[in-house]
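Trainee: Residue numbers for the sequence shown follow my numbering, so the first one is 25 and each next one is one higher.
What follows is a structure written as structure tokens; I'll ask about it next.
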Amino acid sequence: MGASSVVGIDIDADALETAHDNLEELEISDTVDLIQASLCVRAPDSGELSLNDDLVAKMRGKFDTAILNPPFGTKPGNKGIDVLFLQAACAMADSAVYSLHKSSTRDYLVKRARAWGFDCQVLAELKFDVPMMYKFHKKKSVDIDVDLLRLSRQTTAPS
């Protein structure tokens with residue numbers, strides 16, 4: 025994409041190791057920094073998820089573009105995590121955010137994007153085949169309707 029530098033953030037050390045191996049194989053690891061961190065924190069008293077304000081503050085406006093594939097936020101205990109990831113990306117990106125979300129959340133995400141000062145466009149409607157990977161998965165695989173969204177910073181204040 026022509027980026028002079030790229031930063032990848034993930035909480036999962038195994039995912040970061042895989043990303044590093046892929047970058048080495050493609051011979052582009054010198055332009056990518058990988059950071060192990062969590063975009064969200066859980067309140068010790070209530071267990072409620074919120075943004076990792078320290079991380080978001082350090083990264084605010086540091087990127088032209090953010091690309092993310094957040095958790096869908098439907099797993100018990102992670103409700104709304106997809107929205108928190110999107111909110112963090114909007115704070116970190118100066119111009120655009122590309123993100124994958126369940127199609128059923130489209131209307132809500134468009135409203136949230138506007139409140140954050142972004143226009144939201146559906147670039148593609150996709151089907152994700154999600155295989156049984158976690159203990160909470162009940163079926164061998166499930167097709168999920170997903171939107172590829174492009175959020176672009178509004179040039180005027182949100183209404």
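By construction, the Cβ of each residue, glycine as well, lies at the ideal position given by its N, Cα and C atoms.
As the structure is a computational prediction, the values presented were derived from the model and not from experiment.
1. Terminal residues of the continuous alpha helix (DSSP H) containing Phe109?
2. Can you tell me whether Asp69 is helix, strand or coil according to DSSP?
3. Over what stretch of residues does the alpha helix (DSSP H) that includes Leu40 continue unbroken?
4. Alpha carbon to alpha carbon, what distance is there between Leu172 and Gly85?
5. Would you give the residue range spanned by the beta strand (DSSP E) that Leu175 belongs to?
6. In chain order, what residues of the same chain have a beta carbon less than 6 angstroms from the beta carbon of Ile33, not counting five sequence neighbours either side?
7. Does DSSP classify Leu124 as helix, strand or coil?
8. By the 10 Å Cβ neighbour count, where 16 or more other Cβ atoms means buried, how is Ala117 classified, buried or exposed?
9. Tell me whether Ser119 sits in a helix, a strand or coil according to DSSP, three-state version.
Mentor: By the coordinates alone:
1. As a first step, residue 109 is located in the sequence shown; it is residue number 85 there, counting from the start. Start and end: 105 to 116.
2. Looking up residue 69 in the sequence shown gives position 45. Note: Asp69 maps to coil in three-state DSSP.
3. Taking the sequence shown and counting its residues from 1, one reaches residue 40 at position 16. Unbroken alpha helix (DSSP H) run through Leu40: 37 to 49.
4. Mapped onto the sequence shown, residue 85 falls at position 61. Mapped onto the sequence shown, residue 172 falls at position 148. Their Cα atoms are separated by approximately 22 angstroms.
5. Taking the first residue of the sequence shown as 1, we reach residue 175 at position 151. That run of the beta strand (DSSP E) goes 165 to 177.
6. The residue given as residue 33 occupies position 9 in the sequence shown. Closer than 6 angstroms at Cβ, skipping near neighbours: Ile59, Ala61.
7. Translated into positions along the sequence shown, residue 124 becomes position 100. If DSSP states are grouped into helix, strand and coil, Leu124 belongs with the strands.
8. Start at 1 with the first residue of the sequence shown, and residue 117 comes out as number 93. Counting Cβ neighbours within 10 Å, Ala117 comes out buried, since at least 16 surround it.
9. Translated into positions along the sequence shown, residue 119 becomes position 95. Residue state, collapsed to three classes: strand.
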